[in-house]
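Worksheet: the structure to be examined is printed underneath.
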Amino acid sequence: MKTCSKCGAENPDDAKFCSRCGATFKPTIPIRWKETHLVDAWGFVLLMSLSLTIVTGLFGILNLCDLILVTTGNGEFVKFETFMGIGVSLCCIVIFYISMRDIIRTIQGVKNLKKMASAVEDTKWRFRLITKAGKVGLYDWKEKKVLFPVEYDLIERQSPDSYYYTVKRNGKYGLYSLLIGTIVPCEWDAVTPFVNNVATLTKNNTTKQVDTAGNIF
Numbered sequence: 051m052k053t054c055s056k057c058g059a060e061n062p063d064d065a066k067f068c069s070r071c072g073a074t075f076k077p078t079i080p081i082r083w084k085e086t087h088l089v090d091a092w093g094f095v096l097l098m099s100l101s102l103t104i105v106t107g108l109f110g111i112l113n114l115c116d117l118i119l120v121t122t123g124n125g126e127f128v129k130f131e132t133f134m135g136i137g138v139s140l141c142c143i144v145i146f147y148i149s150m151r152d153i154i155r156t157i158q159g160v161k162n163l164k165k166m167a168s169a170v171e172d173t174k175w176r177f178r179l180i181t182k183a184g185k186v187g188l189y190d191w192k193e194k195k196v197l198f199p200v201e202y203d204l205i206e207r208q209s210p211d212s213y214y215y216t217v218k219r220n221g222k223y224g225l226y227s228l229l230i231g232t233i234v235p236c237e238w239d240a241v242t243p244f245v246n247n248v249a250t251l252t253k254n255n256t257t258k259q260v261d262t263a264g265n266i267f
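In structure tokens:
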């Protein structure tokens, strides 16, 4: 069944107009999904990070060994090349730390994502839908964290360039902003997308309006 976001009426899946209020249903854009073990190029990034870590780590160790040999030798003067080696070694240590941190973060991110979802939305958008057992959630691909757990019936971006989402949980609707978080929780019978920064809320045959800051009037 297709639920009208304007009045909350249930309509057949192939309906183009709401049978109660006549609102036009937007055409459904198919979402392409991919299995979480194939997400983007994480495997390639992980391999490159590991290679970089090994190379920079070995180079840093060699330069530190050179410094120890010179300073503990027969009083030889520490050459300019050795000072350069020390600088390079420090840079290598920093790169080694960053690489290892990213490797651990990537492995943990993949592990957590596999636990919570069976598939992830195939898109370049930073905030991606994840799904499991008919439920959907929202995932921050950059920060590797969940914005919405996979417990929602609907999480719909209001337009391709919008930061606002219409969400549905346990048969009730709400509004969410990627900029400020929840605008209104899922406790409304119907909500409309924002037009001129104002959306309409309906509950128990009572209609109210809300702005993008969450002010209801």
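So for the sequence shown, this note's numbering puts the first residue at 51; every next one is plus one.
Every residue, glycine too, gets a C-beta built ideally from N, C-alpha and C.
Range covered by the beta strand (DSSP E) that runs through residue i
i      : result
Tyr223 : 222–227
Pro62  : Premise fails: Pro62 is in no beta strand (DSSP E) and is neither H nor E.
Lys218 : 214–219
Thr232 : 231–238
Thr207 : Per the sequence shown, the amino acid found at residue 207 is Arg instead of Thr. Start and end: 204–207.
Gly187 : 185–190
Ile180 : 177–182
Glu171 : 169–171
Ala249 : 248–253
Thr256 : 256–261
Candidates the options: closest to residue i by CA position
i      : options                        : result
Phe198 : Glu206, Tyr189, Leu204         : Tyr189
Asp261 : Leu163, Asn254, Thr232, Asp239 : Thr232
Leu163 : Thr181, Thr74, Ile153          : Thr181
Phe177 : Lys194, Asp64, Ser168          : Lys194
Arg183 : Ala169, Arg207, Val196         : One detail in the question is off: residue 183 reads as Ala in this sequence, not Arg. Cα-wise, what sits closest to Ala183 is Ala169.
Thr256 : Leu229, Glu237, Lys192         : Glu237
Trp191 : Asp172, Ser209, Asn246         : Asp172
Lys222 : Pro235, Tyr147, Ile145         : Pro235
Ala73  : Val241, Asn246, Leu140         : Val241
Proximal residues to residue i (C-beta, below 6 Å), its chain only, five neighbours per side dropped
i      : result
Arg70  : Cys57, Ala59
Asp295 : Because the chain in this structure spans residues 51 to 267, residue 295 falls outside the shown range and cannot be described.
Val186 : Leu179, Tyr202, Ile205
Arg151 : none
Lys243 : Note that residue 243 is Pro in the sequence shown, not Lys. Contacts found: Gln208.
Leu229 : Tyr213
Residue i to residue j span [Cα, whole Å]
i      : j      : result
Lys174 : Asp211 : 13 Å
His87  : Leu225 : Below a pLDDT of 50, predicted positions are generally treated as unreliable, and His87, at 46, falls in that range; the measurement from the model is reported next regardless. Going from the Cα of His87 to the Cα of Leu225 covers about 31 Å.
Thr216 : Ile154 : 34 Å
Ile266 : Lys258 : 7 Å
Ile157 : Ile104 : 17 Å
Met166 : Gly159 : 11 Å
Ala91  : Lys161 : Any reading at Ala91 needs caution, since the residue's pLDDT is 46, under 50, leaving its predicted position unreliable; the model's value is listed next. Each residue's alpha carbon lies about 15 Å from the other.
Val200 : Asn220 : 13 Å
Gly264 : Ser149 : 41 Å
Lys218 : Asn246 : 22 Å
Ala249 : Val196 : 26 Å
Sequence-distant residues of the same chain with beta carbon closer than 8 Å to residue i, five excluded per side
i      : result
Phe75  : Lys52, Cys54, Asn61, Ala65, Lys66, Phe67, Cys68
Tyr147 : none
Close-in-space but distant-in-sequence residues of the same chain around residue i (CB under 7 Å, 5 per side omitted)
i      : result
Ser227 : Tyr213, Tyr214, Ile233, Thr262
Cys141 : none
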